[in-house]
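The working numbering puts the first residue of the sequence shown at -4, with every later residue one more than the last.
Every residue gets a Cβ at the ideal spot worked out from N, C-alpha and C, and that includes glycine.
Down below is the structure, laid out as structure tokens.
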Amino acid sequence: VSVGKPLLLPFSHDVAVLQVACGMFGTLARSDTGDVWFWGTVGDALSSPTPKRIEELHDVVDVATTPSGYYHGYQDKVYVSAAATRDGSLYTWGANSRKQASPFESSSSFERPTKVVLYGPV
């Protein structure tokens, strides 16, 4: 849907949005309650033309996504999103072909948010 003027999204009548992260394939919105909403196209699991709450994420304090046109220095499209929670956990989802979503996982992509587990001292 292309809109030539600002559009108030229906979910924002009931949700106080504190942060928005826009990427090439989708948009994230973090609410004052720590919930995260997504709309756009990222595989089959999260794709939605309208805002949809991401069930796996709670108590989120920050969200980020790969900015439009940025592909980690490679020509393949490698969209990645991340969310940090109040307890210090990090969740990522999106492409992992260059280990950008989770350096210790062999999967080439994550369609749903996946907790990043760090091994060894940080």
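Alpha carbon to alpha carbon, what distance is there between Lys47 and Gly35? 10 Å
Report the CB separation of Tyr86 from Glu50 in whole angstroms; it is logged as a contact under 8 Å. Incorrect: roughly 12 Å between the Cβ atoms, too far for contact.
* Going along the chain, which residues of its own chain have a beta-carbon closer than 6 Å to the beta-carbon of Thr61, five neighbours each way excluded? -> Gly18, Tyr74 and Val75
field: Alpha carbon of Gly(-1) to alpha carbon of Val112, nearest angstrom
entry: 42 Å
Original post:
To which residues of the same chain is Val15 closer than 6 Å at the C-beta, ignoring the five residues directly before and after it?
Top reply: Ala24
DSSP state of Pro5 mapped onto helix, strand, coil: helix
Considering Gly(-1), what are the terminal residues of the beta strand (DSSP E) in which it resides?
Counting along the chain, Gly(-1) falls outside any beta strand (DSSP E), and DSSP gives it neither H nor E.
- Considering only the beta carbon of each residue, do Ala78 and Val10 sit closer than 8 Å? no
**Asked** So His121 packs on Gly29, CB below 8 Å; how close in whole Å?
**Response** The chain is shown from -4 up to 117; residue 121 falls before or after that span and cannot be answered.
Next on the checklist: Let me make sure I understand the geometry here. Which of Pro1, Leu2, Val58 and Phe20 has the alpha-carbon closest to that of Asp27?
Outcome noted: Val58
Quiz item: Quick one: does Pro5 have its CB under 8 Å from some CB of chain B?
Solution: Considering every chain present, this structure includes no chain B. It has just one protein chain.
Helix, strand or coil: which one does DSSP assign to Leu41?
helix
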